[in-house]
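Peer 1: Counting from 1, position 247 in the sequence shown corresponds to residue 247 in the UniProt record's numbering; the numbering is continuous, with no gaps.
Cβ atoms here follow ideal geometry from the backbone N, Cα and C, with glycine treated the same way.
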Amino acid sequence: MLSIDTNKISCQEMAHAKPGNLTKADTSGAQTTIFSEKIEERRIILIGKLGAGKSHCGNGILGKQFFESRRCWSSVTRQCKYGSATRNKFLYRIYDTPGVNSPEELATSVDVETDIRRCLYCTSPGFHAIVLVLSAAERITKEDMAMLKKLDGLLGESAYKYMILMITKLEDDETVLHEMMTEAPQIVELNVKCRSRRVIFGNDATKIPDACVQKFDKMLTNLIKENANQGSEYYRHKYYDEATKILEKDKSDYLKEYPDTSESVALEIVRNRATEGLSPRDRELRSLNDPNCCTIS
1 MLSIDTNKIS
11 CQEMAHAKPG
21 NLTKADTSGA
31 QTTIFSEKIE
41 ERRIILIGKL
51 GAGKSHCGNG
61 ILGKQFFESR
71 RCWSSVTRQC
81 KYGSATRNKF
91 LYRIYDTPGV
101 NSPEELATSV
111 DVETDIRRCL
121 YCTSPGFHAI
131 VLVLSAAERI
141 TKEDMAMLKK
151 LDGLLGESAY
161 KYMILMITKL
171 EDDETVLHEM
181 MTEAPQIVEL
191 NVKCRSRRVI
201 FGNDATKIPD
211 ACVQKFDKML
221 TNLIKENANQ
231 GSEYYRHKYY
241 DEATKILEKD
251 KSDYLKEYPD
261 TSESVALEIV
271 RNRATEGLSP
281 RDRELRSLND
291 PNCCTIS
């Protein structure tokens with residue numbers, strides 16, 4: 001298992017790095033890449049509306065400023081980004097995605113549905129949790145409902161078994177959240193589908209309160225145990241296996257160029273490349289585009 005403990009290693013940097021840079025531990029303590037068989041992974045994908053605060057939440061989960069995050073009306077995340085960190089003896093692997101309702105002016109540079117599908121297809125062995133980030137600072141609009149409908153198509157009904165609602169821009173007060181939900185029946189329905197797995201992530205633009213992160217950690221632990229006990233620890237896309245066959249070809253090409261790389265490391269690298277559209281067979285991956293296609297394994 002490749003364990004990446006990093007201050008600033010993105011999926012893109014990993015994709016272009018040479019094998020020696022990925023496998024050699026840096027004893028200075030700066031950027032470190034090591035192998036570990038003991039540390040337990042927690043794989044999470046962040047999804048939500050433009051401006052909801054996905055990147056900020058990702059930083060809170062990682063415990064460090066990794067993803068670019070700021071309060072603005074434009075999309076900060078323009079493609080899927082990957083970050084990892086070891087915290088509380090767990091290796092958190094976070095995949096941050098562009099806003100589902102990215103504005104039309106970004107259409108030429110952001111294909112949100114394709115980016116998210118790539119992430120769903122290519123990330124191994126799947127995701128322990130799908131974190132849907134919702135902002136409490138705005139009323140539910142027709143655009144929000146369109147976003148939720150789009151997510152149904154992207155993820156499928158089975159996704160709710162792995163979903164946690166993360167509420168941003170709200171103080172950690174369940175009473176206030178409950179009052180807000182009574183005025184938004186769509187969110188109540190969503191909460192029911194997620195079996196009331198929801199956590200408030202505060203209203204501080206600089207730091208997620210420790211108590212909120214602890215609540216999330218506990219909820220995530222319970223979710224992973226529950227799904228593992230049912231024999232379905234990971235959420236996987238229906239076309240995951242088909243994508244893996246394509247990526248095996250990428251891996252073979254990579255090993256020809258870097259023959260000293262282990263197969264597991266090579267596959268990790270080409271998977272990360274593929275999530276950002278850097279696979280030489282990206283057209284094949286994009287052809288796996290049935291939107292009603294997700295399952296569990």
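Would you decide whether Ala243 is buried or exposed? Buried here means 16 or more other CB atoms lie within 10 Å of its CB.
Peer 2: Burial call: buried.
Peer 1: Thinking Leu165 and Asn191 are a contact (beta carbons under 8 Å), I'd like their distance in whole angstroms, please.
Peer 2: Yes, Leu165 and Asn191 are in contact; Cβ-Cβ is about 6 Å, under 8 Å.
Peer 1: Do Glu138 and Leu91 come within 8 Å of each other at the CB atom, strictly closer than that value?
Peer 2: No, these two residues do not count as a Cβ contact at 8 Å.
Peer 1: Output the boundary residues of the alpha helix (DSSP H) element that contains Thr182.
Peer 2: Run containing Thr182: Glu174 to Thr182, per the alpha helix (DSSP H) assignment.
Peer 1: Look at Lys128 and Arg197 and say whether their C-beta atoms are less than 8 Å apart.
Peer 2: Strictly speaking, residue 128 in this sequence is His, with Lys absent from that position. No. Outside cutoff.
Peer 1: I think Val100 touches Gly48, with their Cβ atoms under 8 Å apart; what is that distance to the nearest whole Å?
Peer 2: Rounded, the Cβ-Cβ distance is 7 Å, consistent with contact.
Peer 1: Is Asn227 close to chain C, meaning its C-beta is less than 8 Å from at least one C-beta of that chain?
Peer 2: Of the protein chains in the structure, only one exists, and it is not chain C.
Peer 1: Is it the case that the Cβ atoms of Ile208 and Gly83 are separated by a distance below 8 Å?
Peer 2: No.
Peer 1: Please list, in chain order, all residues of the same chain as Asp172 whose beta carbon is under 7 Å from its beta carbon, the five residues on each side excluded.
Peer 2: The residues are Ile200, Gly202, Pro209, Ala211 and Cys212.
Peer 1: For Ile187, which residues of its own chain have a beta-carbon under 7 Å away from its beta-carbon, when the five flanking residues on both sides are left out?
Peer 2: Result list for Ile187: Ile140 and Met181, in chain order.
Peer 1: In the DSSP assignment, find the alpha helix (DSSP H) that holds Val265 and state where it starts and stops.
Peer 2: Glu263 to Thr275 is the extent of the alpha helix (DSSP H) around Val265.
Peer 1: Do Ile167 and Ala146 have their C-beta atoms within less than 8 Å of each other?
Peer 2: No, Cβ-Cβ distance for Ile167 and Ala146 is not below 8 Å.
Peer 1: Determine which residues share a DSSP beta bridge with Tyr95 and list them.
Peer 2: Answer is Ile45 and Tyr82, bridged to Tyr95.
Peer 1: Run the CB neighbour count on Gly51, radius 10 Å, all protein chains shown included, and call it buried at 16 or more, exposed below.
Peer 2: With 16 or more Cβ atoms within 10 Å of its Cβ, Gly51 is classed as buried.
Peer 1: Is it the case that the Cβ atoms of Leu151 and Tyr95 are separated by a distance below 8 Å?
Peer 2: Against a cut-off of 8 Å, the Cβ pair of Tyr95 and Leu151 comes out as no contact.
Peer 1: Can you tell me whether Leu120 is helix, strand or coil according to DSSP?
Peer 2: Correct three-state label for Leu120: helix.
Peer 1: To the nearest whole angstrom, what separates the beta carbons of Arg118 and Ala274, a pair I think is in contact under 8 Å?
Peer 2: Yes, they are in contact, since the Cβ atoms of Arg118 and Ala274 sit about 6 Å apart, within 8 Å.
Peer 1: My assumption, with CB atoms under 8 Å, is that Lys251 sits in contact with Arg281. Please give the rounded CB distance.
Peer 2: Incorrect: roughly 11 Å between the Cβ atoms, too far for contact.
Peer 1: Starting from His237 and walking both ways along the beta strand (DSSP E), at which residues does that stretch end?
Peer 2: Here the beta strand (DSSP E) through His237 covers Tyr235 to His237.
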